[in-house]
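Reviewing the structure listed below.
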C-alpha cells in the first residue's frame, strides 16, 4: 500500500484540479482505491488531508506547491464561490459534514484568532479604540 499511496495522492490532486469539470467523481476514486489496494482508513485520512489542502489554497495561506506563505491574517478570507467548491469536494471525497466543518474552522479560526488578538492588544495598549477593534 505504501507504493500505491503516491499514485492515489496524485489522483486526489487531480480531483482538486478537475473539480469544476466534473471529470472526477466518488465512484472513480473508489475504483482507483480498489485497483491500487488502498485501505479505507488510509483513504479517509488522505481525503481529509486533500480537503484541508483545498481550504488552505482557497484562503491563500499556501502557494501552488502547498507550502505555507506569509500572509496578513486580516487578508485571509474565502473568495466568492469557495463554499460551493468545498461542498462539491466534500461530496466527491465522501467526507462527513463534521470532518469538513472541522477542517474549515481549524484553518480559518487560526487566522481569526490572530486578528482578534491583534485588535485586543491594540485596544488594551491604546493604539486603537475599542470601537475600531470591532
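In the numbering used here, the protein residues as written are -7 to 126.
Where is the CB? At the ideal position from N, CA and C, for every residue including glycine.
Out of 119, 4, -4 and 16, state which residue places its alpha-carbon closest to the alpha-carbon of residue 44.
Here the closest residue by C-alpha is 4.
Residue 116 burial status per 10 Å Cβ neighbour count (16 or more: buried)
With fewer than 16 other Cβ atoms within 10 Å, it is exposed.
For residue 40 versus residue 91, is the C-beta spacing smaller than 8 Å?
The answer is yes: Cβ separation under 8 Å.
What does a CB cutoff of less than 7 Å around residue 38 pick up in its chain, not counting 5 residues either side in sequence?
Around residue 38, the same chain offers 0, 1 and 4 as residues with beta carbons nearer than 7 Å, after the five sequence neighbours per side are excluded.
Complete alpha helix (DSSP H) runs within the stretch 13 to 78 (minimum length 4 residues, chain order):
18 to 28 and 32 to 51, all fully within the stretch 13 to 78.
Kindly indicate which residue of 53, 14, 17 and 22 has the alpha-carbon position closest to the one of residue 71.
When the alpha-carbon of residue 71 is set against those of 53, 14, 17 and 22, the nearest one is in 53.
Same chain, Cβ closer than 7 Å to residue 28, neighbours up to 5 away in sequence not counted:
So the list reads -4, -1 and 0, once near-sequence residues are dropped.
Is the Cβ-Cβ distance between residue 86 and residue 9 less than 8 Å?
In this structure, residue 9 does not lie closer than 8 Å to residue 86 by Cβ.
Straight-line CA distance for residue 48 to residue 59?
About 10 Å.
Residue 26 to residue 119 span [Cα, whole Å]
Between residue 26 and residue 119, the alpha-carbon positions lie close to 59 Å from each other.
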